[in-house]
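Notes for the one structure printed next.
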Amino acid sequence: MADYPERFDSLAHARDWFDAFIAYYNHEHRHSGIGWHTPASVHFGTAEEVRDQRAVTLAEAYARHPERFGRRPRPPRIPQQAWINDPAKRREPAPQIS
């Protein structure tokens with residue numbers, strides 16, 4: 000993904016750049032908070048299949064070279080819920096005294 004431009008030449012340029020960025024962010028970039036999957040993979044339900052494939056690959060690597068690992072490797076779990084701003088952890092603003 001290209002770096003964020005210092006400025007956009009036009010509204011159309013900004014829209015095109017953000018369209019490309021959003022596509023990259025949702026379909027290519029792997030996020031640590033969701034087990035190194037893409038948001039689209041988690042949203043559309045394909046992350047579990049990918050996780051299973053990763054588990055097979057890790058098991059094969061461990062079987063071939065256990066000395067390379069401190070313990071049996073496992074792919075990261077996929078959280079049941081993922082938030083940008085978890086509403087359960089949201090703090091209510093302090094009451095204002097007039």
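Taking numbering that gives the first Met the number 0, the leading residue of the sequence shown gets 0, the next gets one more, and so forth.
For every residue, glycine included, the Cβ atom is placed at its ideal position computed from N, Cα and C.
Note that this is a predicted model, so its numbers are computed, not measured.
Boundaries (first-last residue) of the alpha helix (DSSP H) holding residue i
i             : result
asparagine 25 : 10-26
serine 40     : 38-42
glutamine 52  : 46-63
Nearest to residue i (by Cα), restricted to the options the options
i           : options                       : result
tyrosine 24 : Arg14, Ala13 and His36        : His36
arginine 73 : Ile83, Gln80, Glu66 and Ala60 : Ala60
alanine 54  : Pro75, Pro65 and Arg67        : Pro75
glycine 44  : Gln95, Arg89, Arg90 and Gln79 : Gln79
proline 4   : Glu91, Leu10 and Trp16        : Trp16
Residues near residue i by beta carbon distance below 7 Å, same chain, minus five either side
i            : result
glutamate 27 : Thr37
Nearest-angstrom beta carbon gap, residue j and residue i [assumed within contact, 8 Å]
i               : j           : result
glycine 34      : arginine 50 : 7 Å
phenylalanine 7 : alanine 13  : 4 Å
alanine 87      : valine 41   : About 19 Å; that fails the 8 Å criterion.
isoleucine 83   : alanine 46  : Actually they do not touch by this definition, with Cβ atoms about 17 Å apart.
Close-in-space but distant-in-sequence residues of the same chain around residue i (CB under 6 Å, 5 per side omitted)
i          : result
leucine 57 : Pro72
Same chain, Cβ closer than 8 Å to residue i, five either side skipped, listed in chain order
i           : result
arginine 29 : Trp35, His36 and Thr37
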